[in-house]
Structures are given as C-alpha cells and as structure tokens.
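Trainee: The structure follows.
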Amino acid sequence: MKEVICTCCPKGCHLQVDEANDYKVTGNGCPNGIAYGKEELTHPTRIITSTVRAEGGLHPRCPVKTSKPVPKGQMAEVVAALDSIVLHTPIHVGQVVVENVCGTGADIVTCRNMD
Amino acid sequence: MYDVAIIGCGVIGAAAAYALSRYENKVVILEAENDVADCTTKANSAILHAGYDPAPGTKMARLNVRGVELAKEICAKLDVPYKQCGSLVLALSESELPHLQHLYENGTANGVPDMKILTKEETLAMEPNLSENVCGALWAPSAAIVSPWEYALAMTEVAVRNGVELRRSCRVEDAEAMADGGYRLTTTQGTVEARYVINAAGIWTEKVHCMVEPASFHITPTRGEYYLLDKSEGTRVNHVIFQCPNELGKGVLVSPTVHGNLIVGPDAVPVHGDDTSCTSKGLEFVKATAQRSVPSINFGESIRNFAGVRANLDVDDFIIGEEPEAPGWIDLAGMKSPGLSAAPAVAEEAVGILKGHGALGAEKADYKDGRRHIRFKELSAEEKAKLVKEQPAYGRVICRCETITEGEILAALHSEVPATTIDGVKRRAGAGMGRCQGGFCGPRVLELISKELGMDPLDILQDKNGSNVLVSETKVGGKSNG
Amino acid sequence: MVDLVIIGGGPAGLAAACKAWESGLRDILILERDKELGGILNQCIHNGFGLHRFGEQLTGPEYAGRFIDMLKNTGVKVQLDTMVLEVTPDKKVHCVSKTEGYQIIEAKSIVLGMGCRERTRGAIGTPGTRPAGVYTAGAAQRYVNMEGYMVGKRVLILGSGDIGLIMARRMTLEGAKVLACVEVMPYSGGLTRNIVQCLNDFNIPLYLSHTIVDIQGKERVEKAIVAEIGPDRKPIPGTEMEFDVDTILLSVGLIPENELTKQAGIEMDPRTKGAVVYENMETSIPGVFACGNVVQVHDLVDFVSGESELAGVAAAKYVQNGPVQEGRVLAVKPGKDLGYTLPQRIRVEGVEKSTNVSFRVRRICGKSTILVKSGDQVIAKFKRERLAPGEMEHIALPRVLLDKAPVDELTIEIEEA
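Chains as they are written, first to last, in full-length UniProt numbering: chain A, 1 to 115; chain B, 1 to 482; chain C, 1 to 417.
Structural data, given as structure tokens:
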C-alpha cells in the first residue's frame, strides 16, 4: 500500500494505492483519482511550464508549456531544450515552439499572445 | 591639491561641505560607500532634539540648540521634509518627576526655548494614546522630525552644484602629513592631497584619525534597533515621545516620521564596526519598552525593522577641533545623538577653525543656494494635472504604496548627486519605502535605472557595492541566437 | 459620468467587466495600472488554473488570455498604465496616467479589484542583517518569469504559501538549488498538490514548525539560520540548522490591497482585511462593489472569477434598477474554528435562489460537519472529509433556509467528527 496525494484538482485527495492488487485505488473523491493513483506509481508524468526568449514584445520572455504531460524523469531534459529558443513577435497563444520535445510526444506551445 | 578634503559624507560631512561651498575653496568629499548618507545618517531616530539632554557648558549642548535652529532654515531652503512637532519626555511614575525638572533646568541653561512641564491631564490631552501611568511630561516645542538622508543629500547636492567635488566608493585607507603642510590621503581611487582634512568618518573617525596620529578619543559603535510601522499607525502619536532613563536604559522613543509612518526604537548595544543586524532580543526589548509609553501601538503594522550604529564616545561630548599633533587635521567625531540635530552647527565650528587659519576663501559671488523637490503626492489635484501635462513622466506612478512617479525617479537618477542603486532611488524619491517595501516597484525601478544609466540589470545594486539584485539571465543559450 | 468604473484589470476586474457587459451595461471603463491586462496571472506561468471554470488546466497567462479575449468582444473601455489615486465616497475616481493626465472620473458604480500584496520581511520581523537577496516570492516570480532574470543560485523559501512552493519548482527548473522550504505553522499554507509537485518532486524538504531566526551576510545573503518553533511559538534552542544560501524567498501571506477602500471610508473587516460586503459583493457604500483578492485572499482564480461576476452583475443591476431594497439583513459571523466568512452580511431580499458563503478554517480538521446556526438553531449542515486553512471552503445557503432563520444572525462553525 502506498499513499499518493492526488493532484488532478486542488482538492488533494489522499489516495491509497495497493500495488499488490493491480494498483487498486481507494480514498479518491472522483474517478480521475483512480487513473492518477495508478499512473503516479507506474509512469508518473507532469505538465512542464517554463519560458523562452521573446524579442519585440512587451516582455523579454514568453511563457510556454508542454501540450500534454511528459514523463517526470524528463523534466530537466525538456527544460534544457528550451534554453536556446528565441521567438519573435507577433506570438500567438498555442503556437508550437518545439514539436515532440525530447521525443516525449508532447509539443512545446506558447501560453500567451505577444504583439 | 585641494584646500579641504572631507572624509565621509554622512550628515556631518554633508553639512561641512554645504558650509564650505560658499567660499572660494577647492573642496573634495571622499565617501567610502557608493552613496552619501549610507551609514549612521540613514538609520537613526530622525529626530532633531530640542537640546535639554546635554550637560550645560558642553559643546554638545551649545551645538545642539544652535543646530536645530539652523536645521529649520536649511530644511526650508533646501526643501527637506521637516516638521517641528515638539517632543514630550514622559514621567511614567512619580519617581521620575524630578528627572523632568532636571531636564527642564538643563534645557533652560542650554537656551532651549518655550519648554514647559505638563501635568498628567495636560499630557494626555495632547497625546490620548499614552499610557495611563503617565504622571507628567516635559514639553519642548522646538524638537522636530526630519528626513535625515534627504537632509544630508540636499546639502551635498547644493555643495556639488557650487563646485565641491564628491567622490563616492572612495575609501580612505591611509593618511600621512606632507613635509610642507597638508595631507596625502591614500584612497581606493588613488591619492588625494589637501591642505586641510575634515575627518567626518562617523563610526570610523577614530580609525581614520589613527592614520595620522594616535587618537585621544575612543569610539564604540553602538547599535540601535528600530521598528518602522505603516502609515496606519502614523498618527498613534503626534509628537516625539521619549521616556526618562531608568535602570533598564535610556528608554525608547515613539515618534511620527516626516513620511507619515511611526518609528519606534532604539535600544543601545555596543557592536564591532557597522554591524547593523537586528536581533529578536533587541526587537523584543524595543517593543516592550515602547509599550510602556504607548501601549496601543499595533506592531502587526510593522513594515520594516532596521538597525543603525552611532559613534558613541568614551566622553560625554563631541570631539570637535584640530588634532594638536597634526596641524590642519580637524576631527568632527563622536557624533552620537544629538549629532543629527547639531550637524550644521558642527559644520560652523569646522568653518571657524579654517577661518582661524586664514584658510577660508572669499564668499562666492555666484553662489547658488536652494533646492526644490517635486513630490507628486503632496500636490493638489490641479497642480498634479498641470505637472503631468507639462511633464508626462509624473503621470506614471511607479511606487504605489508611496505614490512615487516615474518623474520623481528620473529626477533622482539625474540629480546633482545622482542615485545609482535601488536604495539610492529610495532615499531620494521615496520609492520602495512603503508597506510593500519595494516588492512591487523594485523591478520597475531596476528597469528605469538600467534604461536611464545604461547599466546591465545584472550590475544594478540594491544598496552597497556587492548587493546585486540579480545573479544571471534565464535562457542564456538563446542570448546569441537573438 | 461613467456607468461602471472597474479598478484593476486582473482576473477580478476582467470577470466583473465581462459580466457587467453581458448584463447590459454599455459604459464600462477598466483602469489598470500595468501596461497590459491580466494582473498577477501574467507572471503565474505554472498550470492548474481554470479546472472549475473551463474544465481544463491552464497556465496563468492562458487563463487571463481567455478573459481578455472575451473582453475584446465587448465594448468595455480599458485605460492601461493608469494609477487610481483616490476613490471618494460620492464615487469620483481620481487617476493619473502619462497619456491621459490627471483625471477625475465620476462613476455611477465602481468595482474594486485591486488584488493583494505580499507580506514582507518587515511584517514578520525576521532578525539578522538586511542584505540583497531577500525577496517576496512574487517579486522573484516577476523577475524570473517575465523579466528573464534569476535572483539567486542557492535558495531557501520561508513560508509554504502557494507562490513560495511554485517558486521552489521554478527556481529549481531554472538551475538554482532550493535547499528547503520552512514553515512556521505545523501545517502548510499552500495547496497539497503544490507540496507534491513543487517540493516532493524535487526532494526539497519542508520543515514545518520551523522559522528563520537569523539572516547573515553583509551585501548579499550568505546564510540563513533555521530553528524549530516550540508550542510557545518561540525558537527552541539547540535546534538551529545552518543553510548556505544567497537568496531567501518569502511566501508568508497576502494582504488585500485596500488603501483606496479605506480612504473612501468603506467599512472594513479586520478578519479578511478587506471590505465588509453583502451577498452581491456590495460594500458599505451603495454602488461600490469589491471582488477578488481585494476582498478576501483566494487560493484559486476560478473562484475569483465567480465572485467577480457576481459583482459585475450587481453593479449592472445597481445602475439599471437602483439600490437593493434593504429588507431583512442577516449578519454572518465566523464561529468555532473559522477565521472569517464572506459575505459578512446577507440581505435576504437580495438572494434569489441561494447565496454562497466562503470561509477559511483556522486549523486542520478531519471529517467534519459545517454547521450554520441562527441563534441556537442549526439551519443547515454540510459534510466535509477534510478542512485546511490553506483551502478556502464554500457553502451555498438556499433562500428558503435564510427565510427561516429565527434571528438576524448566522454563525458558521465546525464540528469535527
């Protein structure tokens, strides 16, 4: 039995995950917790948010994120891949900056408009 | 070769420079820190004492009373925040009443004007938030509150405008008498030669003195810790509130500040050098002691704790005069309280010594005195409208807590003694002095400094050399790709 | 004369503006002090916003962007780079900007959406020297996320508020070493998911019941001394730990930014440090409404939006139909284990079907019942699995229950199982 705090929503349910019993989840407040509890113990993933350089806009950085969760173990690698990227205005929210970043299957997309 | 080198640009050095700038003399100020007023002058009670404390007959007594008279004129002329709010020394028990009488007599002997001993009722009528234990008070209407750093800055600005040279980050490391008179000072910016030296190095005056001669005085830097409370507490009292000294010490004061806050402190602890750290013990003492005078102070409204060091001496007077073994070497030392109060009178003494040597030039014919500081928030709606129309930079508020505009910050960055750091802007314009302590305006001030002075943001300092705000850029890899 | 002036173009102001427009007001002006709309969300680049509102996890800028897009489809006027200096009790708004100069705008109604500010070192009285390197987490967040600068290499976080936790992760991902997060209370002030994703993911220890007892370093922070806090809330001698850090980030609470509110003479609640409001977010000055962090500090922007929409609708109604009929007013009071309630007053006539009450508990409670009492009578009960000070609670009180309240006072309290 392992305890996992669910992060699907701010509620933060304390899940009990039974590894010996096909990752059976208890303590979940909603169905999302069942999937989360199992995934967190088998292949945990995270959405990564960061910034990239932006030129020509109000700010010198533009916020970006992964289009879907990526393996937790690849967080540092994904952030490193953003280090040398430079965007130029105009920037539109949702614009793909890097496709399939680090082979994760996720894209890096922008999080705001910048004129 | 300079006529006079002033070591230190705290309020004493600044007052000396201001006084000397009237005369046809070549004067240089050597300031060790990267800004003026950056040690004792920026961290003290900000009080101009009436002058009933010093023993009659001392220099301290005479210069204190004279100093506050001069300060009133100078502050008006140089647009320095100043308010003659008067002070009350409280007797918090019957046994302290004789002390009030003693101070009253001292004050009378020192020439302090219009003092009065008040009854409990009279005292509480003036200050309803005082402790019920108050038995009476000494009222001294000539006491005032001031912005100490702006006072020093303003005097330095006028001095610089009139030809005095100011070197900042110029620490004097050694001094030697030259064969045919005068002194050669070794500084972090090379050597400086001057016929006369005014040693106004604050807590370092003894150390500086010893570069030429063993000192006959000994300075013990003494730290005092303070609370600065939000403007919501700024009218908790409306006069400077002192306590009688007792077995627990000199007592702490509670006072409004010219900026509308409430200041509470200090304690007094001997320290080594400029150790201005705060301690929980010191702060607790200050809080508990202040509550004896004003029990209702809401310390939850504290916006900053700070500590300052004052140059306490082993004798109970200022050291002002020429070192007998070093002709032309003038010490202005031991400027503990009431040093701030006495500053312009102390400067007069220094000028007098130079005059005695026949070293003073003629008065400058084209002397440009006076100074104006635009404070947007103090203007009426009509004046604000007019100012913004003429100079739009005054229409952009950078510091929301203190309502300080871009125009005021630009003025600070391009003044006669320009700010180069975030705290330098704070001391000149007031941005970052308020309840959020620069959390909101800090990045914006940094941006303005970078833009106006052409500095890399990474080089911008909070205050002293080495106090960089930022350490590196993010996403460095993209820097060359841009 | 403007129908509605909204002070602040952050999440509160944006939601209030959109909703007021939707409710039929056509003369709406947002005054925003920054150079763009969105407020603090622009620097909150992490995700987790919008789950309640949009059913998906958005970053702060994306969440703000959705509302900014909505606003673009309205005729709401926006004045950027404009600071409001004063609001008078007769609803004149004094403001200033470089381009428009000094303006006095007369408003029929006003929504206050100024947000909040961070508590500083001065407010908590941390001893030690005062070098560079001590920043509020939000100020650091602006430097790192918007300006592109790192504020330090080795970091200690004081306080476990959400911004501090978020910054622990941000600083780590940008290459800094975050040594620990130190919290004076025996529980975290932040959301549990942030503890998991921002500290646990990076093996950053969280020291509960600890605080910084000394900051050392002359020009820049060199060391922080941390000690355990005993039940008397004083440091326990001998428990000191030394951290070699160049940076301390403070995440020790948020204070609603109410200087304009106080200046206008609006009644304040010392518990929320915001205005006392009625069920429709109206303050003690009729036609002046307050919403978002200026009225109570939220942990989720989704609820800021909801609350602000309520204010937007109410402002529109005020302009269109005049003041709410006073009728019966129930005072809502925090009872056992509650820090505050919002609203503080409910005009029963102003409630259509039901009204929301939000509050925070003062300690962590397990399985509990939230009791709504009027006099001795319990008029409503709500079950909760867990209650924590870091998480705002909401209950909906139906009009029918309010009508039945025996006395003009409601007390909300917690009964732990």
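Don't be surprised by glycine CBs; every beta carbon is placed ideally from N, CA and C.
(1) Touching or not, the segment 213-231 of chain B and the segment 252-271 of chain B, by the rule of three or more beta carbon pairs under 8 Å?
(2) Measure the alpha-carbon distance for C/F289 versus C/L342 and round it to whole angstroms.
(3) Residues in the segment 126-156 of chain C with C-beta within 7 Å of chain A's C-beta atoms, listed in sequence order?
(4) Using 9 Å as the limit for Cβ to Cβ distance, is B/S205 near chain A?
(5) At the level of alpha carbons, what is the spacing between C/M268 and C/P231?
(6) Do we get a CB-CB distance below 9 Å when we pair B/G321 with the residues of chain A?
(7) Please name the residue, chosen from C/F54, C/L29 and C/I68, that lies closest to C/L37 on a Cα-to-Cα basis.
(8) To the nearest angstrom, how far is the alpha carbon of C/E147 from that of A/H59?
(9) Out of C/I395, C/K383 and C/E219, state which residue places its alpha-carbon closest to the alpha-carbon of B/Q462.
(10) Any beta carbon of chain A sitting closer than 9 Å to that of C/A176?
(11) In whole angstroms, give me the CA-to-CA distance for residue 492 of chain C and B/V445.
(12) Check for me: the alpha helix (DSSP H) holding A/N32 runs from which residue to which?
(13) To the nearest angstrom, how far is the alpha carbon of C/E32 from that of C/A331?
(14) Inspect the beta-carbon positions of B/A307 and B/A15 and report whether they are closer than 9 Å.
(15) How long is the line joining the alpha carbons of C/N145 and A/A81, rounded to whole angstroms?
(16) Relative to the C-alpha of A/T89, which residue among A/R53, A/E3 and A/K68 is closest?
(17) Does the Cβ of C/P406 have 16 or more other Cβ atoms within 10 Å, making it buried, or fewer, making it exposed?
(18) Go through its chain and collect everything with a Cβ distance to C/L4's Cβ below 6 Å, but skip five positions before and after it.
(19) Going by DSSP, name the residue or residues bridged to A/L15.
(20) Let me check understanding here. Comparing Cα to Cα, which of C/F49, C/K35 and C/E22 lies closest to C/D302?
(21) Tell me which residues of the segment 275-303 of chain C have at least one Cβ-Cβ distance to chain A shorter than 8 Å, keeping chain order.
(22) Who are C/K77's beta bridge partners in DSSP?
(23) What does B/L228 pair with, by DSSP beta-bridge criteria?
(24) Could you name the residues of chain C that A/V79 contacts, counting a contact when the two beta carbons are closer than 7 Å?
(25) In the DSSP assignment, the alpha helix (DSSP H) including B/H99 goes from what residue to what residue?
(26) Among the residues of its own chain, which have a CB less than 7 Å from the CB of B/K231, if the five just before and after it don't count?
(27) Helix, strand or coil for B/G31, going by three-state DSSP, please let me know.
(28) Any chance the segment 382-395 of chain C sits against the segment 358-369 of chain C, with 3 or more Cβ pairs inside 8 Å?
(29) Throw me the rounded Cβ distance for the B/E416 and B/R161 pair, which I believe falls under 8 Å.
(30) Which residues of chain A have a Cβ atom closer than 9 Å to the Cβ of C/P389, listed in chain order?
(31) How big is the Cα-Cα spacing for C/L260 and C/I6?
(32) In the structure shown, what three-state DSSP assignment does A/M114 receive?
(33) Excluding the 5 residues preceding and the 5 following B/S296 in the sequence, name in chain order all residues of the same chain whose CB lies nearer than 6 Å to its CB.
(34) Along the beta strand (DSSP E) that carries B/G321, what are the first and last residues, could you check?
(35) Would C/Q57 count as contacting chain F if we go by Cβ distances under 9 Å?
(36) Alpha carbons only, please: which of A/L87, A/P69 and A/G27 is nearest the one belonging to A/N103?
Mentor: Quick answer:
(1) yes
(2) 13 Å
(3) N145, M146, E147 and G148
(4) The sequence given here has Thr at residue 205 of chain B, not Ser. Not an interface residue.
(5) 32 Å
(6) no
(7) C/I68
(8) 6 Å
(9) C/E219
(10) no
(11) Coverage of chain C is limited to positions 1 through 417, which leaves residue 492 of chain C absent and any answer about it impossible.
(12) N32 to T42
(13) 33 Å
(14) no
(15) 17 Å
(16) A/R53
(17) exposed
(18) A20, L25, I28, S109 and A315
(19) A/V4
(20) C/F49
(21) D299 and L300
(22) C/L29
(23) B/I263 and B/R304
(24) L173
(25) L97 to N110
(26) G260 and N261
(27) In the sequence as presented, Gly is not what sits at residue 31 of chain B; that position holds Glu. Looking at B/E31 - three-state DSSP - the assignment turns out to be coil, as it is neither helix nor strand.
(28) yes
(29) 5 Å
(30) Within 9 Å Cβ-Cβ: nothing; C/P389 doesn't reach chain A, min ~13 Å.
(31) 13 Å
(32) strand
(33) N129
(34) I319 to E322
(35) Within the model displayed, chain F is absent; protein chains A, B and C are what it includes.
(36) Reading the sequence as shown, one finds Gly at residue 103 of chain A and not Asn. Closest by alpha carbon: A/P69.
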